[in-house]
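In the numbering used here, the protein residues as written are 5 to 567. By construction, the Cβ of each residue, glycine as well, lies at the ideal position given by its N, Cα and C atoms. Working notes, structure below.
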């Protein structure tokens with residue numbers, strides 16, 4: 005399912021805590037301008053480990069400006085990291101010399117599956133820090149559609165399995181004898197149910213056959229089929245983007261196999277001979293583009309029956325919002341074309357993972373949406389070489405959502421358009437990073453993984469298939485450091501960038517955090533650092549030696565980025 009708020013440009017050692025005076029005495033240094041005052045120990049009874057001997061902070065980049073564990077080259081980008089693999093917080097003293105006005109970004113990345121206390125962290129004023137806002141006022145409003153959208157996601161994830169009777173499997177020969185859906189010709193009309201169970205009358209506006217012989221019908225709501233709305237030319241254009249040779253349909257098949265096929269379930273539509281329908285309807289006639297822009301609902305893959313099955317359209321189908329298509333000019337066309345790739349992946353996942361493997365093997369919502377956003381990324385330049393969904397929309401939103409970024413947001417907690425977290429931006433941006441770091445074989449390994457039912461483990465195994473010494477935690481750590489630290493693409497630091505990538509018929513454009521100029525930072529530190537999430541703070545204009553002691557939660561890595 006795809007939602008869009010608007011068009012954007014585009015994971016016990018007891019020791020007394022340091023006293024406040026001791027902490028402050030370790031700050032500043034070398035005529036610094038922003039190196040101190042970062043850590044004030046909280047009044048807490050929690051066990052805390054203090055480091056002794058050498059600092060746990062180590063150089064974490066090659067060919068970069070980190071000369072050694074405590075020295076910066078004076079220009080360029082340097083990265084240091086201090087992981088806390090223990091079960092208690094660790095106070096880490098930081099001291100890096102050689103600065104002459106650079107910014108120091110501290111990024112705390114929780115690589116564990118539980119939230120951890122983020123104690124005593126001070127956020128300084130900065131031009132990039134959000135002004136005071138009432139966050140409740142900038143969260144996307146909840147409306148009557150939210151429950152319906154959640155219900156569709158849950159049906160596609162697990163609910164469909166309750167309607168399938170494994171004992172009702174029939175022999176392939178019997179399935180082939182079941183007639184496919186009726187054939188339609190251009191100008192035919194039919195009624196369809198939408199996500200809110202309302203009915204609309206649609207008319208077949210265009211029809212064509214894909215490279216593998218699948219018929220694709222594009223239907224338009226009768227009241228929207230108009231020269232000033234969805235004209236015949238626009239309908240044909242959208243159909244061509246999906247069904248022409250090398251179009252979205254072919255791209256989907258190329259990376260993940262068929263969108264529908266043999267299954268042996270009598271409750272479902274036949275596995276062969278079925279057309280694919282695209283319905284363009286006005287979801288909510290409010291003369292506004294965006295909001296809910298498209299969806300796939302596996303209910304429609306079922307034959308009609310009682311209960312919810314009475315609302316099946318008996319159609320392998322995608323549903324797109326008409327006003328989002330025509331009320332924002334070419335931007336709307338790009339958006340809806342990208343949505344077809346996104347929802348097409350949901351359709352494919354439903355067949356490949358749900359129907360073929362079983363509901364235990366479907367993705368949790370966060371990974372389901374992430375896989376579809378990654379498909380947007382791979383397909384975008386084939387759809388329109390001027391537009392990439394991650395570079396132009398999801399990633400900038402990750403850096404500046406609601407004027408404070410979408411940082412302390414758990415990768416595995418689905419909270420789209422919330423007050424401080426935007427899950428489409430979080431999962432899409434991390435997915436874009438993984439696409440560029442690990443490539444097409446990683447993405448295919450994720451789509452076709454077998455034998456694992458835990459979504460985080462599915463992603464972890466796909467990462468390890470291409471980078472055996474890595475995993476979700478390590479890649480999230482690098483992504484968050486590169487993003488919150490605005491590491492320039494031109495720094496060419498392996499593992500910390502999103503370079504252009506071309507594979508097979510696909511091209512991914514480079515994404516440069518530094519050139520976007522859109523990073524915004526929170527104005528205060530959270531009490532808890534969420535699981536598989538990160539939080540950044542910046543020390544600006546530091547001269548001489550940057551010196552500070554910070555508390556690193558258990559299961560968390562501190563990344564220090566200077567540039």
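- request: Determine, using beta carbons only, whether residue 85 and residue 564 come nearer to each other than 9 Å.
  value: yes
- prompt: Between residue 103 and residue 554, is the Cβ-Cβ spacing less than 9 Å?
  reply: no
- request: Report buried or exposed for residue 93, applying the criterion of at least 16 other Cβ atoms within 10 angstroms of its Cβ.
  value: buried
query: Helix, strand or coil for residue 104 per DSSP?
result: strand
task: Count the other C-beta atoms from every protein chain shown that fall within 10 angstroms of the C-beta of residue 291, then say buried if there are 16 or more, exposed otherwise.
output: exposed
task: Go through its chain and collect everything with a Cβ distance to residue 252's Cβ below 7 Å, but skip five positions before and after it.
output: 245, 246, 344, 345, 348, 383 and 387
- request: Look at residue 471 and residue 561 and say whether their C-beta atoms are less than 9 Å apart.
  value: no
message: Let's see if you can read the secondary structure: which residues bound the alpha helix (DSSP H) around residue 394?
response: First-last for residue 394: undefined, no H or E at that position.
Residue from 298, 262 and 414 with nearest C-alpha to residue 460: 414
task: Look up residue 271 in the DSSP assignment and give the residues it is bridged to.
output: According to DSSP, residue 271 bridges with nothing at all.
Cβ-based burial, residue 504 [other Cβ within 10 Å; buried from 16]: exposed
query: Helix or strand or just coil, what does DSSP make of residue 230?
result: coil
query: residue 224 lies in the alpha helix (DSSP H); which residues open and close that run?
result: Run containing residue 224: none in the alpha helix (DSSP H); it sits in the beta strand (DSSP E), 219 to 225.
message: Just to check my reading of the structure: residue 222 and residue 282 have Cβ atoms closer than 8 Å, yes? What is that Cβ distance to the nearest angstrom?
response: 5 Å
query: Count the other CB atoms within 10 Å of the CB of residue 88; is the residue buried (16 or more) or exposed (fewer)?
result: buried
task: Consult DSSP for residue 491 and reduce its assignment to one of helix, strand or coil.
output: coil
- prompt: Closest by CA to residue 559, which one among 532, 398, 83 and 249?
  reply: 532
- prompt: Excluding five sequence neighbours on each side, which residues of the same chain lie with their C-beta closer than 8 Å to the C-beta of residue 135?
  reply: The predicted model places residue 135 with a pLDDT of 42, which falls under 50 and marks its position as unreliable; any figure quoted below should be read in that light. Excluding sequence neighbours, residue 135 sits near 407 and 527.
- prompt: Would you call residue 496 buried or exposed, if buried means 16 or more other Cβ atoms sit within 10 Å of its Cβ?
  reply: exposed
message: Given a cut-off of 9 Å on the beta-carbon distance, is the pair residue 354 and residue 366 in contact?
response: yes
task: Could you tell me the boundaries of the beta strand (DSSP E) in which residue 515 lies?
output: First-last for residue 515: undefined, no H or E at that position.
- prompt: DSSP beta-bridge partners for residue 537?
  reply: 114
message: Checking 9 Å against the spacing of the C-beta atoms, do residue 337 and residue 241 come in under that value?
response: yes
query: Would the beta-carbon of residue 440 fall within 9 Å of that of residue 502?
result: yes
- prompt: For residue 335, which of 393, 450, 254 and 195 has the nearest alpha-carbon?
  reply: 393
message: On the CB-based measure, 16 or more other CB atoms within 10 Å of its CB, does residue 400 come out buried or exposed?
response: buried
query: When you compare each of 339, 256 and 209 to residue 236 by their alpha carbons, which one comes out closest?
result: 209
Residues of its chain near residue 211, where Cβ-Cβ distance is below 8 Å and the 5 sequence neighbours each way are ignored: 188, 189, 190, 219, 220, 221, 222 and 243
- request: Return helix, strand or coil for residue 552, following the three-state DSSP convention.
  value: strand
message: Quick test of your reading: residue 491 and residue 567, contact by CB under 8 Å. State the CB separation rounded to the nearest angstrom.
response: 7 Å
- request: Scan the region 306 to 335 and note each continuous beta strand (DSSP E) run of 3 residues or more that stays entirely inside, going in chain order.
  value: 320 to 325
message: Please give me, in chain order, every unbroken run of the beta strand (DSSP E) with length at least 3 that falls completely inside the region 59 to 101.
response: 70 to 72 and 82 to 88
query: Which residues in the same chain have their Cβ closer than 6 Å to the Cβ of residue 534, if we skip the five residues on either side of it in sequence?
result: 119, 412 and 414
- request: Let me know if residue 420 comes out buried or exposed under the rule of 16 or more other beta-carbons within 10 Å of its beta-carbon.
  value: buried
field: Pick from 410, 363 and 539 that is closest to residue 127, judged by C-alpha positions
entry: 539
message: Rounded to whole angstroms, what is the Cα-Cα separation between residue 152 and residue 381?
response: 27 Å
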